[in-house]
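J.: Here it is, the structure, as structure tokens.
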Amino acid sequence: MKKYSLLLLIAFILLSAPLLLAQENAPPVDIGKESMYFPHRYQKYHVQTGLGLFFTKLPFDWVESALEAPLISLHLTFGLPAGFSLEGNVNTIFVSNQVSLGVRWNYIYRNFSFNLGYDLGYSLGIMTFAGFKNMGMMLTQYPNLSIGFKTKTLAFTVKGEAVIIAWGQMKTGENVLMNNPDFFDGVTGAIYLEQRIFKKKILIIGFKDNYVKYYWPAWMVFTTFNRYYHIPELHILWVL
Amino acid sequence: MGIMKNWLLTIFCMALLMAGCNKSKDVPVPSEGPNSFLTQTYPLPDNSRKIMDGIYKVTAGNELFGDQVVLKWSRKKLTMMCSDGHYSVLDVGQLDSVIVIQGYWRYCYNDNTGLLNAYIARDEGGSEIVNGVTTPMIILRGAYGKTGNELDKALELVYQRPISPALLSKKFSILAHRSGGRTSDHLPVSENSIAMINFTEGLGSTGIEVDVQLTRDGIPVLFHDGDINIRLTQKGPLSGPIHDFTYMQLYYLVSLIHGEHIPRLNDALMFVVDSTLITDVYLDMKENVNSMSTVIPIQKEMLQRAKDKGRDLHIYVGLPSQDAINDFMNQPDYLITPSLCELTVDDVVRTNSMVWAPRWTEGTQNDLVAQIHTQGRIAWTWTLDNVEWIKEYINDGNFNGILTNYPFVVGYYHYIREK
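And the structure:
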């Protein structure tokens with residue numbers, strides 16, 4: 049699994065190179081306007097897309113071996129009037145998938161900015177294990193707050209969110225393990241660094257710590273534990 | 006550019022730091038310490054202990070322990086079993102006809118734990134218990150705490166009835182996974198260790214499942230994972246598959262997560278025979294091929310040792326796959342070797358296994374269990390940890406035993422039955 053993660057990371061960087069070189073002669077970007085996580089007032093009806101990977105390491109208690117699973121991550125923002133914006137995310141590792149949609153209200157003060165947001169995520173996982181079709185679905189609410197600071201070429205964002213499970217179901221074969229759960233799942237804290245690497249290309253590197261009981265990429269192992277775990281994520285995305 | 010490099014470096018360092026901290030944490034066992042009042046008491050005679058076994062109404066302390074609990078003695082501990090996964094492991098002594106009870110409570114699904122102390126007054130059952138006289142009037146009064154070594158919440162248990170004699174007359178096995186519980190359950194001893202075998206009866210188990218694999222020099226040892234890793238062992242010089250190392254290398258260079266040695270099967274079974282009241286051992290054979298010829302002689306030797314000591318002990322060789330069945334059926338006396346088959350009922354018949362052990366997700370399968378019973382065999386299911394499913398399988402199923410990481414939950418729902 050480690051080799052697989054490393055290969056994916058190398059492939060991601062190599063495939064990115066031609067994209068970056070093509071931008072050599074493009075005019076410079078304003079990091080405060082072109083970034084994705086840094087809170088700012090987006091151009092009305094402007095769509096911004098980020099694509100990348102995120103890596104996570106699940107607790108030994110759950111997977112009983114070191115597992116570093118890379119997920120493909122697509123991030124979209126859509127500018128709205130009056131400082132509002134829409135935000136969408138699609139994350140997948142094929143056996144675990146999540147789509148989320150949220151709204152933000154952004155405010156800027158000099159080099160500082162912040163936003164308040166609310167996301168709703170739907171995760172779905174299907175996997176055949178030990179001869180049984182296992183399935184997990186979960187609807188999760190993510191009220192969140194981001195605070196950003198920017199320099200000429202760098203945007204730095206700290207984001208916190210609460211994770212609230214609103215609905216879900218988990219099945220193994222015909223046995224329903226969990227039905228319609230409704231609980232406070234935990235909190236997350238993240239830092240994102242957005243940097244113009246070439247003239248018009250922005251690289252996002254983020255580190256997120258999930259302090260949760262249920263973690264959607266690992267839906268299959270959520271059965272008999274009711275305790276919080278720190279689950280780290282490393283995000284690497286290009287703003288396309 | 007310099008700023009950027011610093012930020013990048015910081016983020017990566019934090020990511021690496023968090024990724025490196027992926028280790029189970031220890032949950033300390035609350036204790037009164039060496040100056041405990043219990044040290045001034047006398048042990049309770051064996052004939053007194055059974056009098057305390059029973060179903061108790063919780064008249065104070067319901068918020069944590071529910072409305073009803075089961076108290077059940079094992080070899081040396083009194084276990085309090087609750088309906089939702091709370092349990093207590095208790096030491097008991099007596100002084101001047103007062104029963105003194107000290108220990109801790111724990112919730113199995115997370116790390117919540119605290120002290121629990123109680124006593125039974127002389128005129129509230131203490132005198133009768135000490136004298137070995139059955140009494141319907143037993144009241145435990147005491148306190149428990151939710152943090153540190155506090156004892157700030159009242160506890161009162163009132164005896165309701167004994168565990169049904171009809172129920173106790175039929176054998177039901179409460180089998181503890183990995184000799185007592187997983188590393189991920191944050192117990193004070195390591196899974197698949199002799200220390201865990203010593204510990205597990207206090208959790209309410211009457212049997213154990215252990216994972217068996219061979220070392221490079223062909224010694225069967227207890228270890229679950231295929232390789233040595235920091236989930237199960239302390240950091241050390243060895244890494245890689247167990248079968249790449251000799252037993253002496255493992256003994257001297259590997260310590261389990263709580264410091265114990267990886268035990269040889271022989272030593273573990275000898276401990277079971279000589280030092281416990283465990284009645285069933287399920288040898289879960291891991292991926293080694295051709296291991297039966299090594300393990301079966303040890304099984305036979307230990308069954309004979311148990312018989313010589315008058316112990317009612319059953320040791321079953323696990324057959325989890327067709328490869329294991331083939332290896333088993335290549336042994337000259339496989340038909341009289343006690344075994345447990347995890348596959349189909351036909352495979353059970355073919356191997357003449359005494360136990361059929363299907364995965365719990367296949368359902369209660371009462372028709373097949375009945376078929377197994379008519380053949381004079383028994384059926385266990387594994388590995389059942391969810392409270393609701395344990396309750397359902399005990400109430401609606403006909404299994405003769407359940408393998409679990411939480412023996413006290415299985416114990417609660419088993420012992421409250423009428424028959």
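Protein chains in written order, with my numbering: chain X, 49 to 288; chain H, 6 to 424. Backbone N, C-alpha and C define an ideal beta-carbon position, used for all residues, glycine too. Since the structure is predicted, the reported quantities are computational estimates derived from the model, not experimental observations.
Under a CB-based cut-off of 7 Å, is residue 116 (chain H) close to chain X?
T.: In the second sequence, residue 116 (chain H) corresponds to position 111, counting from 1. Chain X, which has a Cβ nearer than 7 Å to the Cβ of residue 116 (chain H), makes this yes.
J.: May I ask you to list the residues that DSSP assigns as paired with residue 139 (chain X)?
T.: Locating residue 139 (chain X) in the first sequence gives position 91, where the first residue counts as 1. Note: residue 139 (chain X) sits in a beta bridge opposite X:121, X:146.
J.: Suppose contacts are defined by Cβ-Cβ distances below 7 Å. Is residue 163 (chain X) in contact with residue 87 (chain X) by that definition?
T.: As a first step, residue 163 (chain X) is located in the first sequence; it is residue number 115 there, counting from the start. As a first step, residue 87 (chain X) is located in the first sequence; it is residue number 39 there, counting from the start. It is a contact, given that the beta carbons lie within the stated cut-off.
J.: Scan the segment 359 to 381 of chain H for residues whose Cβ lies nearer than 7 Å to a Cβ of chain X and list them as they occur along the chain.
T.: Within the segment 359 to 381 of chain H, the residues whose Cβ lies closer than 7 Å to some Cβ of chain X are 364, 366, listed in chain order.
J.: What are the residues of the segment 176 to 198 of chain H that lie near chain X, defined by any Cβ-Cβ distance shorter than 9 Å?
T.: Flagged, chain order: 187, 188, 189, 190, 191.
J.: To the nearest angstrom, how far is it from the Cα of residue 340 (chain H) to the Cα of residue 356 (chain H)?
T.: Position 335 of the second sequence, counted from the start, is the residue given in the question as residue 340 (chain H). Position 351 of the second sequence, counted from the start, is the residue given in the question as residue 356 (chain H). So the alpha carbons of these two residues sit roughly 6 Å apart.
J.: The beta strand (DSSP E) spanning residue 191 (chain X) covers which residue range?
T.: As a first step, residue 191 (chain X) must be located in the first sequence, where it is residue number 143. Note, residue 191 (chain X): beta strand (DSSP E), 180 to 198.
J.: Does the Cβ of residue 45 (chain H) have 16 or more other Cβ atoms within 10 Å, making it buried, or fewer, making it exposed?
T.: For the purposes of this step, residue 45 (chain H) is identified with residue 40 of the second sequence, where counting begins at 1. That one is exposed.
J.: On the DSSP letters alone, give me the boundaries of the alpha helix (DSSP H) that residue 387 (chain H) sits inside.
T.: Your numbering for residue 387 (chain H) matches position 382 in the second sequence. Counting along the chain, residue 387 (chain H) falls outside any alpha helix (DSSP H), and DSSP gives it neither H nor E.
J.: What does the alpha-carbon distance come out to for the pair residue 269 (chain H) and residue 219 (chain X)?
T.: What you label residue 269 (chain H) is simply residue 264 of the second sequence in a count that begins at 1. What you label residue 219 (chain X) is simply residue 171 of the first sequence in a count that begins at 1. Going from the Cα of residue 269 (chain H) to the Cα of residue 219 (chain X) covers about 38 Å.
J.: Leaving out the 5 sequence neighbours to the left and right, which residues in its chain are closer than 6 Å to residue 347 (chain H) when beta-carbon positions are compared?
T.: On the second sequence, position 342 is the one that residue 347 (chain H) refers to. Correct list, in chain order: 325, 362.
J.: Sorted by chain position, which residues of the same chain lie with C-beta nearer than 6 Å to residue 402 (chain H)'s C-beta, five sequence neighbours on each side aside?
T.: By one-based count along the second sequence, residue 402 (chain H) stands at place 397. Excluding sequence neighbours, residue 402 (chain H) sits near 369.
J.: Give me the residue from H:291, H:99, H:380 with the minimum Cα distance to residue 350 (chain H).
T.: The residue you call residue 350 (chain H) lines up with position 345 of the second sequence. Residue 350 (chain H) has its Cα closest to that of H:380, out of H:291, H:99, H:380.
J.: Contact defined as beta carbons within less than 8 Å: I believe residue 35 (chain H) pairs with residue 90 (chain H). What is the distance between those atoms, to the nearest angstrom?
T.: Indexing the second sequence from 1 puts residue 35 (chain H) at position 30. Indexing the second sequence from 1 puts residue 90 (chain H) at position 85. Contact flag wrong, Cβ pair sits at about 17 Å.
J.: With a threshold of 7 Å between beta-carbons, can residue 188 (chain X) be considered close to chain H, or not?
T.: Working through the first sequence from its first residue, we reach residue 188 (chain X) at position 140. Cβ-Cβ to chain H under 7 Å: no for residue 188 (chain X).
J.: Is the CB-CB distance between residue 246 (chain H) and residue 299 (chain H) below 7 Å?
T.: Numbered from its first residue, the second sequence carries residue 246 (chain H) at position 241. Numbered from its first residue, the second sequence carries residue 299 (chain H) at position 294. Contact: no.
J.: Would you kindly report the start and end of the unbroken alpha helix (DSSP H) that includes residue 52 (chain H)?
T.: Start at 1 with the first residue of the second sequence, and residue 52 (chain H) comes out as number 47. Here the alpha helix (DSSP H) through residue 52 (chain H) covers 51 to 57.
J.: Provide the residue(s) that pair with residue 47 (chain X) in DSSP beta bridges, ordered along the chain.
T.: Because chain X is modelled from 49 through 288, residue 47 (chain X) falls outside the range shown and cannot be assessed.
J.: What beta strand (DSSP E) runs, 3 residues minimum, are completely inside the segment 161 to 227 of chain H?
T.: Segments of the beta strand (DSSP E) lying fully in the segment 161 to 227 of chain H: 178 to 181, 212 to 219, 225 to 227.
J.: Closer than 8 Å by beta-carbon distance: list the chain X residues that pair up with residue 403 (chain H), in chain order.
T.: Counting from one through the second sequence, the residue named residue 403 (chain H) turns up at place 398. Simply none; closest approach about 18 Å.
J.: Just the Cα atoms here: how many angstroms apart are residue 179 (chain H) and residue 319 (chain H)?
T.: The residue you call residue 179 (chain H) lines up with position 174 of the second sequence. The residue you call residue 319 (chain H) lines up with position 314 of the second sequence. When rounded, the distance between both Cα atoms is 13 Å.
J.: Who are the Cβ neighbours of residue 68 (chain H) in its own chain at under 7 Å, not counting the five residues just before and after it?
T.: The count along the second sequence starts at 1 and reaches residue 68 (chain H) at position 63. Counting only Cβ-Cβ distances below 7 Å, and skipping sequence neighbours, we find nothing.
J.: What is the C-beta distance between residue 121 (chain H) and residue 162 (chain H), in whole angstroms, given that I count them as a contact (C-beta under 8 Å)?
T.: In the second sequence, the residue the question calls residue 121 (chain H) occupies position 116. In the second sequence, the residue the question calls residue 162 (chain H) occupies position 157. So it is not a contact: roughly 11 Å between Cβ atoms.
J.: What residues in the segment 208 to 222 of chain H bring their beta carbon closer than 8 Å to a beta carbon of chain X?
T.: Residues: none.
J.: How many Å lie between residue 210 (chain X) and residue 232 (chain X) at the Cα?
T.: Locating residue 210 (chain X) in the first sequence gives position 162, where the first residue counts as 1. Locating residue 232 (chain X) in the first sequence gives position 184, where the first residue counts as 1. Computed Cα separation, rounded: 8 Å.
J.: Is residue 40 (chain H) helix, strand or coil by DSSP?
T.: Residue mapping note: residue 40 (chain H) aligns to position 35 of the second sequence, counting from 1. Coil.
J.: On the CB-based measure, 16 or more other CB atoms within 10 Å of its CB, does residue 196 (chain H) come out buried or exposed?
T.: By one-based count along the second sequence, residue 196 (chain H) stands at place 191. Looking at its Cβ environment, which holds 16 or more other Cβ atoms inside 10 Å, residue 196 (chain H) is buried.
J.: Return the CA-CA distance between residue 229 (chain X) and residue 142 (chain X), expressed in angstroms with no decimal places.
T.: Here residue 229 (chain X) refers to the residue found at position 181 when the first sequence is read from its first residue. Here residue 142 (chain X) refers to the residue found at position 94 when the first sequence is read from its first residue. If I take the Cα positions, the gap works out to 24 Å.
J.: For residue 222 (chain X), which of helix, strand or coil comes out of DSSP?
T.: Locating residue 222 (chain X) in the first sequence gives position 174, where the first residue counts as 1. Coil.
J.: Once you ignore the five residues that flank residue 373 (chain H) on each side, which residues in its own chain have a CB closer than 7 Å to its CB?
T.: Translated into the one-based positions of the second sequence, residue 373 (chain H) becomes position 368. Contacts found: 350.
J.: Answer with yes or no whether the minimum CB distance from residue 111 (chain H) to chain X is below 7 Å.
T.: Taking the first residue of the second sequence as position 1, residue 111 (chain H) is located at position 106. Chain X, which has no Cβ nearer than 7 Å to the Cβ of residue 111 (chain H), makes this no.
J.: With a threshold of 16 other CB atoms inside 10 Å of the CB of residue 198 (chain X), please say whether the residue is buried or exposed.
T.: Numbered from its first residue, the first sequence carries residue 198 (chain X) at position 150. Residue 198 (chain X) comes out buried.
J.: Consider the Cβ of residue 159 (chain X): report whether some Cβ of chain H lies at a distance smaller than 7 Å.
T.: Here residue 159 (chain X) is taken as the residue at index 111 of the first sequence, counted from 1. It does not; no Cβ of chain H falls within 7 Å.
J.: Which class does residue 253 (chain H) belong to by DSSP, given the choice of helix, strand or coil?
T.: Here residue 253 (chain H) corresponds to residue number 248 of the second sequence, with the count starting at 1. If DSSP states are grouped into helix, strand and coil, residue 253 (chain H) belongs with the helices.
J.: Looking only at its own chain, which residues have a Cβ that is under 7 Å from the Cβ of residue 259 (chain H), when we skip the five neighbours before and after it?
T.: On the second sequence, position 254 is the one that residue 259 (chain H) refers to. Only 233, 238, 241, 243, 267 meet the Cβ criterion.
J.: Mapping the DSSP letters down to three states, classify residue 26 (chain H) as helix, strand or coil.
T.: Here residue 26 (chain H) is taken as the residue at index 21 of the second sequence, counted from 1. A caution first: residue 26 (chain H) carries a pLDDT of 49, below 50, which makes its placement in the model too unreliable to give a value.
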